[in-house]
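Contents: one structure, followed by commentary.
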Amino acid sequence: MYDIKALYEAESTQDAIRLLQEHPQAQIIAGGSDVLVQIREGRRAGVELVSIYGIDDLRGVCLDETGAVRIGSLTSFSHIAASPIIQEKIPVLGEAVSLVGGPQIRNIGTIGGNTCNGVTSADSASTLMAWDAVVEIEGPEGTRRVPIREFYINAGVVDLRPAEVQTAIIIPKESYEGYFGNYIKYAMREAMDIATLGCSVNVALSPDKKEIRDARIAFGVAGPVPMRAPSAEKAAKGRPVSAETAEIFSRAVLEDIRPRDSWRAAKAFREHIAVETAKRAFEKSILLGGGVISEQAV
Numbered sequence: 204m205y206d207i208k209a210l211y212e213a214e215s216t217q218d219a220i221r222l223l224q225e226h227p228q229a230q231i232i233a234g235g236s237d238v239l240v241q242i243r244e245g246r247r248a249g250v251e252l253v254s255i256y257g258i259d260d261l262r263g264v265c266l267d268e269t270g271a272v273r274i275g276s277l278t279s280f281s282h283i284a285a286s287p288i289i290q291e292k293i294p295v296l297g298e299a300v301s302l303v304g305g306p307q308i309r310n311i312g313t314i315g316g317n318t319c320n321g322v323t324s325a326d327s328a329s330t331l332m333a334w335d336a337v338v339e340i341e342g343p344e345g346t347r348r349v350p351i352r353e354f355y356i357n358a359g360v361v362d363l364r365p366a367e368v369q370t371a372i373i374i375p376k377e378s379y380e381g382y383f384g385n386y387i388k389y390a391m392r393e394a395m396d397i398a399t400l401g402c403s404v405n406v407a408l409s410p411d412k413k414e415i416r417d418a419r420i421a422f423g424v425a426g427p428v429p430m431r432a433p434s435a436e437k438a439a440k441g442r443p444v445s446a447e448t449a450e451i452f453s454r455a456v457l458e459d460i461r462p463r464d465s466w467r468a469a470k471a472f473r474e475h476i477a478v479e480t481a482k483r484a485f486e487k488s489i490l491l492g493g494g495v496i497s498e499q500a501v
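Going by the numbering used here, the sequence shown opens with residue 204, and the numbers climb by one from there.
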């Protein structure tokens, strides 16, 4: 049973902002793949909802005038995975969202809902974090853009102020150009399961493919929010492309991550798979970038 007090349907982003101002206790619903489950479980009993699902302006993937990849917040996972722009510029994001739930969830679930839910296990979150994504938000005070690293505040809490609506996810051109990435989801089942740990890495190589020009890594379920591992990034930057660099990079993640014991996995196990997935995703990113991993010690 769905205990819903009222449902208001917004015709535009500004209409949604107005409805949220008029009904300050109301919550936004997009695809509903998370919200409806929570209502059915009683966690949002008697809720007022503002549906933004009919706002087509918030759908689609495009390149803006700066070359940044812009993903409307109502864009479904299936649409993202099939987008020629995503496949060309950031294929790893398409791969990551293809691991969300099953086909029905991917057809209805949205990138905005996945990020605004604020959960650390969201498959899109660590990849967006690793690619320095920016969250676009509209509200009564106008439009603001927040780096995704600042958008996540705590478990289940994101930087959305009263009457604000997330409108887009933006990946700047400088964040994807020249980078190649890989995402690894570790879960107990291959499909229809929440990540025990997610790891997303991207690497930019020097012109001769022999040096790590830059590396970025982010984890899901390694802390209360999706998080970067700056110690690993610093350890790899400027080093030769080699097996030893991959080892140094992967071990350094332990300086930053903060996994916990849970019924899904023990802290020590999450630390173990964090190191292993970091190494594998790092090496895969190098290979995708045209590098050859040397076994020679450096």
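Beta carbons are placed, not taken as given, at the ideal position from N, Cα and C, and that holds for glycine. Everything numeric in this text was worked out from a predicted model, so none of it was measured.
Can you tell which of 226, 410 and 325 has its C-alpha closest to the C-alpha of residue 427? Your numbering for residue 427 matches position 224 in the sequence shown. Checking every option, the nearest Cα to that of residue 427 belongs to 325.
Mind checking who residue 502 pairs with in its DSSP beta bridge? Here the chain comprises residues numbered 204 to 501, so residue 502 is not present and cannot be evaluated.
Rounding to the nearest angstrom, what Cα-Cα distance links residue 236 and residue 403 in this structure? For the purposes of this step, residue 236 is taken as the residue at position 33 of the sequence shown. For the purposes of this step, residue 403 is taken as the residue at position 200 of the sequence shown. Approximately 24 Å, taken between the alpha carbons.
Endpoints, the alpha helix (DSSP H) within which residue 315 is located: Within the sequence shown, numbered from 1, the residue matching residue 315 stands at position 112. For residue 315, the uninterrupted alpha helix (DSSP H) segment begins and ends at 314-319.
Residue 347 in three-state terms, based on DSSP: Looking up residue 347 in the sequence shown gives position 144. In this structure, residue 347 counts as strand in the three-state DSSP scheme.
Does the distance from the CB of residue 366 to the CB of residue 462 come in under 9 Å? Here residue 366 corresponds to residue number 163 of the sequence shown, with the count starting at 1. Here residue 462 corresponds to residue number 259 of the sequence shown, with the count starting at 1. In this structure, residue 462 does not lie closer than 9 Å to residue 366 by Cβ.
In terms of alpha-carbon separation, which member of 445, 258 and 495 lies closest to residue 214? On the sequence shown, residue 214 is found 11 positions in, with the first residue counted as 1. Selected option, being the one with the closest Cα: 258.
Tell me which residue opens and which closes the alpha helix (DSSP H) that residue 487 is part of. As a position in the sequence shown, residue 487 is number 284, starting the count at 1. Secondary structure note for residue 487: its alpha helix (DSSP H) is the uninterrupted segment 470-491.
With distances taken from CA atoms, which of 270, 208, 298 and 271 is nearest residue 283? For the purposes of this step, residue 283 is taken as residue 80 along the sequence shown, with counting starting at 1. Out of 270, 208, 298 and 271, the CA that lies nearest to the CA of residue 283 is found in 298.
By how many angstroms is the C-alpha of residue 305 removed from the C-alpha of residue 387? As a working mapping, residue 387 is identified with position 184 in the sequence shown. As a working mapping, residue 305 is identified with position 102 in the sequence shown. Spanning the alpha carbons of residue 387 and residue 305 requires a straight line of approximately 17 Å.
Segment contact flag, the stretch 477-490 with the stretch 434-450, C-beta cutoff 8 Å, min 3 pairs: The stretch 477-490 vs the stretch 434-450: in contact.
From this set, 319, 413 and 440, which residue's C-alpha is nearest residue 498's C-alpha? As a first step, residue 498 must be located in the sequence shown, where it is residue number 295. Of 319, 413 and 440, the smallest CA-CA separation from residue 498 is found for 413.
Between the Cα of residue 411 and the Cα atoms of 468, 333 and 493, which residue gives the shortest distance? As a first step, residue 411 must be located in the sequence shown, where it is residue number 208. When only C-alpha atoms are compared, the closest one is 493.
Following the continuous alpha helix (DSSP H) through residue 326, name the residue where it begins and the one where it ends. In the sequence shown, the residue the question calls residue 326 occupies position 123. Its alpha helix (DSSP H) spans residues 326-333.
For the candidate residues 467, 343, 468 and 420, whose alpha-carbon lies nearest to that of residue 453? On the sequence shown, position 250 is the one that residue 453 refers to. Residue 453 has its Cα closest to that of 420, out of 467, 343, 468 and 420.
Sheet register partners of residue 457 (DSSP bridge): Working through the sequence shown from its first residue, we reach residue 457 at position 254. BP columns for residue 457 are empty, so no partner.
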